[in-house]
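J.: Take this structure, written in structure tokens, and hold onto it; I'll ask about it next.
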Amino acid sequence: MRIEWLNQGTMVSGSATSEGVSRRGFMKAGAVAGGGLVLGFFMPGAGRWANAQQAPAKVYEPNAFLHIAPDNSVTVQVNRLEFGQGVQTSLPMLIAEELDADWSQVHGALAPAGDQYKDPAFGIQITGGSGSIAHSYTQYREIGAKARAMLIAAAAEQWKVPADQVKTVKGTLIGPAGQKATYGSLADAAMKQPVPATVTLKDPKDFKLIGKPTKRLDAKAKSTGKQQFGMDFKAPESKVAVVARPPVFGAKVAKFDASKAKAIKGVIDVLEVKTDRSGSGVVVIADGYWPAKSGREALAIEWDTSGVDKVSSDKQLAEYKALAQKAGTPVRTADTSRLAGAAKKISAVYEFPYLAHAPMEPLNCVVDLRKDGCTVWAGSQFQTVDQGAIAATAGLKPEQVVLNTMMAGGGFGRRAVPTSDYLVEAVNIAKVWQAAGHKQPIKVIWSREDDIKGGYYRPSHVHRADIGVDAKGEIVAWDHVIVGQSITSGTPFEPMMVKNGVDSTMVEGMGEPYEVPLNLSAHTVKTNVPVLWWRSVGSTHTAFVMETLIDEAAHAAKMDPVAYRKKLMGEKGKRHAAALDLAVAKSGYGKKALPKGQAYGVAVHESFNTVIAYVVVASVKNGTPKLHKVTAGVHCNTAVNPLTIEAQIQGAALMGLGMTLPGAAITLKDGVVEQQNFSDYTVARMTDMPVIDVHIVPSNDPPTGMGEPGLPPLAPAFANALFKLTGKRLRKLPFDLASA
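If you count the sequence shown from 1, position 496 lands on 647 in this note's numbering, and the numbers rise without skipping.
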């Protein structure tokens with residue numbers, strides 16, 4: 152087995168031995184240039200993805216590192232992508248807590264692609280599924296605890312005292328007679344100590360960092376403009392590439408005239424290149440972005456769109472609605488015979504459009520392709536998959552590809568694509584560039600227009616629901632059909648995620664946590680629009696449907712919507728009830744009268760094992776909805792960094808609000824995406840931001856995910872408030888009060 156470890160920014164190779172190494176043990180590497188203590192951690196890839204790919208016994212790879220340097224600085228190698236969610240602070244906090252490190256001397260570094268950095272649960276290197284803290288909580292704490300034990304052993308040996316008489320405080324070892332030594336001064340000696348087989352982790356009552364609001368390690372660099380993102384990076388002598396991609400997904404170049412493009416100063420070459428979905432395009436390569444972009448605008452291209460499906464949104468919606476009237480593939484069965492005789496009946500059809508990810512930093516990467524290897528710099532959420540795709544495209548082995556993880560300006564899933572579309576395209580550009588006689592590295596830059604029109608959207612969906620409520624307000628029958636595309640069909644994740652032909656992400660969140668007789672089925676449609684997970688995945692639409700329908704049932708039962716929800720939750724909704732109770736108590740719901748023209752709205756939803764409850768205050772002025780305040784009750788078990796949790800809720804809630812705003816939809820006509828920039832594709836802005844108060848349910852249980860769960864309940868809570876104001880039930884996103 153090969154390992155790599157971090158030493159002052161340099162990656163060095165070595166060989167692992169089996170001596171003293173267990174499945175959940177550590178391995179101790181020899182001292183490297185500059186000295187210091189370096190630990191790598193082993194964890195089995197026990198997640199559903201890992202199990203589906205290979206036998207669990209084979210997945211024992213080191214996937215995190217700690218380096219204590221002689222100057223007492225502590226560098227934590229973060230096995231994730233940092234793109235705003237705060238893992239470059241929260242993961243080092245876990246190690247620093249158990250290490251008793253001086254937090255002012257702790258640094259985080261983004262790990263490149265490598266087997267040693269695989270997610271302990273998923274078995275691949277990934278930033279997604281809200282799993283960074285949830286999956287690495289024990290892993291990173293054990294790294295810190297074992298390193299601390301080795302430092303104590305080294306000090307005890309040097310001072311000739313029992314190890315249990317050596318204490319640690321903020322990066323300093325203290326002996327029984329007042330002896331003192333910094334971690335850095337004993338790091339080399341600690342390397343010679345045996346790695347303890349087991350350690351006792353701290354009791355939560357003794358935490359000094361975990362659970363405390365902690366400012367981010369990258370805040371200063373980002374706020375001063377010094378942080379380097381992928382878009383900022385340029386390899387020596389690299390040239391910039393901008394691609395003219397087909398207007399219809401999968402179309403090809405019939406012919407093109409590059410004469411005007413080549414006449415622009417700075418343009419070096421214009422070449423045909425393979426693009427995503429078996430299509431082709433034209434790449435303009437120049438000395439900089441502006442001449443490359445100008446060259447692309449000067450191209451004359453004729454496209455061959457024959458043989459590819461040309462989707463139109465209006466036609467697709469009609470087809471989806473027709474399908475929704477028929478039962479699909481069963482997902483969950485229940486008796487629906489009592490629908491006909493129900494005292495009250497709720498019938499609803501919901502519409503959800505395609506949505507673009509639209510991160511602030513569009514896609515980009517730098518590729519340096521050589522005969523014996525390839526080096527790539529990119530803000531990847533999917534290092535293992537991307538490394539393999541790059542290698543396959545370049546005709547190399549994965550170990551010949553170095554994929555450096557760059558800081559990214561958002562992603563929301565778009566940088567975790569099973570096809571590795573933008574990276575495969577970039578390698579294809581490098582190949583044709585070299586075939587044309589050039590050698591320089593290539594930097595591929597997507598414009599905002601490229602990003603909005605570039606595909607891999609949150610799928611469009613239609614829901615049809617028929618609910619029967621008896622005279623006592625009880626739901627006696629619920630028949631439900633969902634229509635949409637699968638995001639995992641045809642990908643390596645299909646065996647784990649698709650059951651009986653239904654993508655589990657399409658139906659996740661349906662029925663939960665309520666004890667209702669839900670009969671659920673789904674139709675999976677295949678069409679020529681590339682789709683992908685989007686922040687909170689299926690819960691982006693299922694939460695809206697569930698929480699507005701439950702609210703409607705509460706109204707039909709003439710019950711308070713909070714009390715009605717809690718009545719339906721039963722035993723399986725304890726965490727939901729705790730989050731909801733907290734949000735209600737902190738918001739003043741039921742106790743505090745609102746100004747005339749304002750109303751409360753409520754919603755609660757679980758995704759990625761975290762429950763978020765929102766109580767919102769909204770109004771309507773001149774037909775336009777306005778969200779004034781959001782009170783959040785959060786149940787994520789242990790809150791590692793409350794500041795990060797607050798930021799995640801604020802960002803996710805604003806993104807959830809964005810789904811409701813006019814223009815927040817991707818539409819197609821004759822196969823062409825009609826939107827191209829923020830002028831015609833709406834995202835929430837600062838002026839839309841409500842006051843958001845975040846309150847966390849206390850818990851010492853292992854943490855659950857936080858990156859995505861804050862998004863789903865926002866839109867339904869807002870819609871429920873608007874019903875109180877207008878009497879209209881909103882059945883589609885974005886909101887349209889005029890047609891409701």
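All C-beta atoms in this analysis are idealised placements derived from N, C-alpha and C, irrespective of residue type, glycine included. Being a predicted model, the structure only gives us computed values, none of them experimental.
Count the other C-beta atoms from every protein chain shown that fall within 10 angstroms of the C-beta of Gly185, then say buried if there are 16 or more, exposed otherwise.
T.: In the sequence shown, residue 185 corresponds to position 34, counting from 1. Any reading at Gly185 is ruled out, since the residue's pLDDT is 45, under 50, leaving its predicted position unreliable.
J.: So, helix, strand or coil for Gln236, using DSSP?
T.: Working through the sequence shown from its first residue, we reach residue 236 at position 85. Three-state result, Gln236: coil.
J.: For Thr349, does the three-state DSSP call read helix, strand or coil?
T.: Counting from one through the sequence shown, the residue named residue 349 turns up at place 198. Three-state result, Thr349: coil.
J.: DSSP three-state label for Asp270, please.
T.: In the sequence shown, the residue the question calls residue 270 occupies position 119. Asp270: coil per DSSP, three-state reduction.
J.: Return the chain-ordered ranges of every beta strand (DSSP E) run that is complete within the region 506-585 and spans a minimum of 3 residues.
T.: 515-521, 524-529, 552-556
J.: Measuring alpha carbon to alpha carbon, tell me which residue in Ala754, Ser224, Thr855, Ala628 is nearest Thr487.
T.: Position 336 of the sequence shown, counted from the first residue, corresponds to residue 487. With respect to the C-alpha of Thr487, the residue from Ala754, Ser224, Thr855, Ala628 having the closest C-alpha is Ala628.
J.: Run through DSSP, which three-state label would Lys385 get?
T.: As a working note, residue 385 is residue 234 in the sequence shown. DSSP places Lys385 in coil when its eight states are reduced to three.
J.: Kindly list the residues whose CB is nearer than 6 angstroms to the CB of Val500, restricted to its own chain and excluding five residues on each side of it in sequence; keep chain order.
T.: In the sequence shown, residue 500 corresponds to position 349, counting from 1. Only Arg615 meet the Cβ criterion.
J.: If we call anything under 7 angstroms between Cβ atoms a contact, is Gln777 one with Val768?
T.: Taking the first residue of the sequence shown as position 1, residue 777 is located at position 626. Taking the first residue of the sequence shown as position 1, residue 768 is located at position 617. The identity of residue 777 in the sequence shown is Lys, whereas the question assumes Gln. No, these two residues do not count as a Cβ contact at 7 angstroms.
J.: As a quick exercise: from Met648, Phe273, Pro813, pick the residue whose alpha carbon is nearest that of Thr775.
T.: Locating residue 775 in the sequence shown gives position 624, where the first residue counts as 1. Residue Pro813 is the option with its Cα nearest to Thr775.
J.: Rounded to whole angstroms, what is the Cα-Cα separation between Ala409 and Ile497?
T.: As a first step, residue 409 must be located in the sequence shown, where it is residue number 258. As a first step, residue 497 must be located in the sequence shown, where it is residue number 346. The straight-line gap from Cα to Cα measures roughly 59 angstroms.
J.: In chain order, what residues of the same chain lie with their CB nearer than 6 angstroms to the CB of Ile325, ignoring the 5 residues before and after it?
T.: Locating residue 325 in the sequence shown gives position 174, where the first residue counts as 1. Lys318, Lys331.
J.: DSSP state of Arg599, grouped into three classes?
T.: Against the sequence shown, residue 599 aligns to sequence position 448. Of the three classes helix, strand and coil, the one that applies to Arg599 here is helix, per DSSP.
J.: Return yes when the Cβ of Ala730 is within less than 7 angstroms of the Cβ of Ala764, no when it is not.
T.: Position 613 of the sequence shown holds residue 764. Position 579 of the sequence shown holds residue 730. Closer than 7 angstroms, so yes.
J.: Can you find at least 3 beta carbon pairs, one from the region 692-701 and one from the region 744-757, that sit closer than 8 angstroms?
T.: yes
J.: With a 10 Å radius around its C-beta and 16 neighbouring C-beta atoms as the bar for buried, classify Phe192 as buried or exposed.
T.: For the purposes of this step, residue 192 is taken as the residue at position 41 of the sequence shown. Its pLDDT being 46, under 50, Phe192 is placed unreliably in this model, and the value from its coordinates should be taken loosely. Looking at its Cβ environment, which holds 16 or more other Cβ atoms inside 10 Å, Phe192 is buried.
J.: Nearest by alpha-carbon distance to Glu448: which of Gln476, Tyr471, Phe829, Ala414 is it?
T.: For the purposes of this step, residue 448 is taken as residue 297 along the sequence shown, with counting starting at 1. Comparing Cα-Cα distances from Glu448 to each of Gln476, Tyr471, Phe829, Ala414, the minimum goes to Ala414.
J.: Distance check for Thr526 and Leu520, CA to CA, integer angstroms please.
T.: Start at 1 with the first residue of the sequence shown, and residue 520 comes out as number 369. Start at 1 with the first residue of the sequence shown, and residue 526 comes out as number 375. Between the C-alpha atoms of Leu520 and Thr526 there is a straight-line separation of about 7 angstroms.
J.: Taking three-plus beta-carbon pairs below 8 angstroms as touching, is the region 604-621 in contact with the region 833-848?
T.: no
J.: Enumerated in chain order, which unbroken segments of the alpha helix (DSSP H) with a length of 4 residues or greater are wholly contained in the region 446-499?
T.: Within the region 446-499, the complete alpha helix (DSSP H) runs of at least 4 residues are 464-475.
J.: Excluding the 5 residues flanking Gly417 on each side, which residues of the same chain have their C-beta closer than 7 angstroms to its C-beta?
T.: Residue mapping note: residue 417 aligns to position 266 of the sequence shown, counting from 1. So the qualifying residues of the chain are Ala437, Asp438, Gly439, Pro442.
J.: DSSP three-state label for Trp629, please.
T.: Mapped onto the sequence shown, residue 629 falls at position 478. Of the three classes helix, strand and coil, the one that applies to Trp629 here is strand, per DSSP.
J.: Taking a contact to mean a Cβ-Cβ separation below 7 angstroms, would you say Pro510 touches Tyr607 in this structure?
T.: Along the sequence shown, read from residue 1 onward, the residue named residue 510 stands at position 359. Along the sequence shown, read from residue 1 onward, the residue named residue 607 stands at position 456. Not closer than 7 angstroms, so no.
J.: Rounding to the nearest angstrom, what Cα-Cα distance links Gly861 and Gln801 in this structure?
T.: Within the sequence shown, numbered from 1, the residue matching residue 861 stands at position 710. Within the sequence shown, numbered from 1, the residue matching residue 801 stands at position 650. The alpha-carbon separation between Gly861 and Gln801 amounts to approximately 8 angstroms.
J.: When the Cβ atoms of the region 689-697 are set against those of the region 477-491, are three or more pairs found closer than 8 angstroms?
T.: no
J.: Answer yes or no: do Pro481 and Gly430 have a C-beta to C-beta separation smaller than 7 angstroms?
T.: Here residue 481 is taken as the residue at index 330 of the sequence shown, counted from 1. Here residue 430 is taken as the residue at index 279 of the sequence shown, counted from 1. It is not a contact, given that the beta carbons lie outside the stated cut-off.
J.: Counting only the same chain and skipping the five closest in sequence on each side, list residues whose C-beta sits under 6 angstroms from that of Asp572.
T.: Locating residue 572 in the sequence shown gives position 421, where the first residue counts as 1. Counting only Cβ-Cβ distances below 6 angstroms, and skipping sequence neighbours, we find Asp427.
J.: With burial defined as no fewer than 16 other Cβ atoms inside 10 Å of the residue's Cβ, what is the status of Ser830: buried or exposed?
T.: Position 679 of the sequence shown holds residue 830. Burial is judged here by how many other beta carbons sit within 10 angstroms of a residue's own beta carbon; Ser830 has fewer than 16 and is exposed.
J.: Using only the alpha-carbon positions, how far apart do Thr678 and Gln239 sit?
T.: Position 527 of the sequence shown holds residue 678. Position 88 of the sequence shown holds residue 239. Going from the Cα of Thr678 to the Cα of Gln239 covers about 39 angstroms.
J.: Classify Val320: buried if its beta carbon has 16 or more other beta carbons within 10 angstroms, exposed otherwise.
T.: Start at 1 with the first residue of the sequence shown, and residue 320 comes out as number 169. With fewer than 16 other Cβ atoms within 10 Å, it is exposed.
J.: Taking the alpha helix (DSSP H) that Arg299 belongs to, which residues open and close that run?
T.: Within the sequence shown, numbered from 1, the residue matching residue 299 stands at position 148. Note, Arg299: alpha helix (DSSP H), 283-310.
J.: By the three-class DSSP mapping on this structure, what secondary structure does Ala410 have?
T.: Numbered from its first residue, the sequence shown carries residue 410 at position 259. First, the amino acid is wrong: residue 410 is Ser here, not Ala. It is helical.
J.: Bridge partners of Tyr608, per DSSP?
T.: The sequence position of residue 608 within the sequence shown is 457, counting from 1. Per DSSP, Val682.
J.: Rounded to a whole number of angstroms, what is the C-alpha to C-alpha distance between Leu337 and Ala305?
T.: Here residue 337 refers to the residue found at position 186 when the sequence shown is read from its first residue. Here residue 305 refers to the residue found at position 154 when the sequence shown is read from its first residue. Near 7 angstroms, if we compare the C-alpha coordinates of Ala305 and Leu337.
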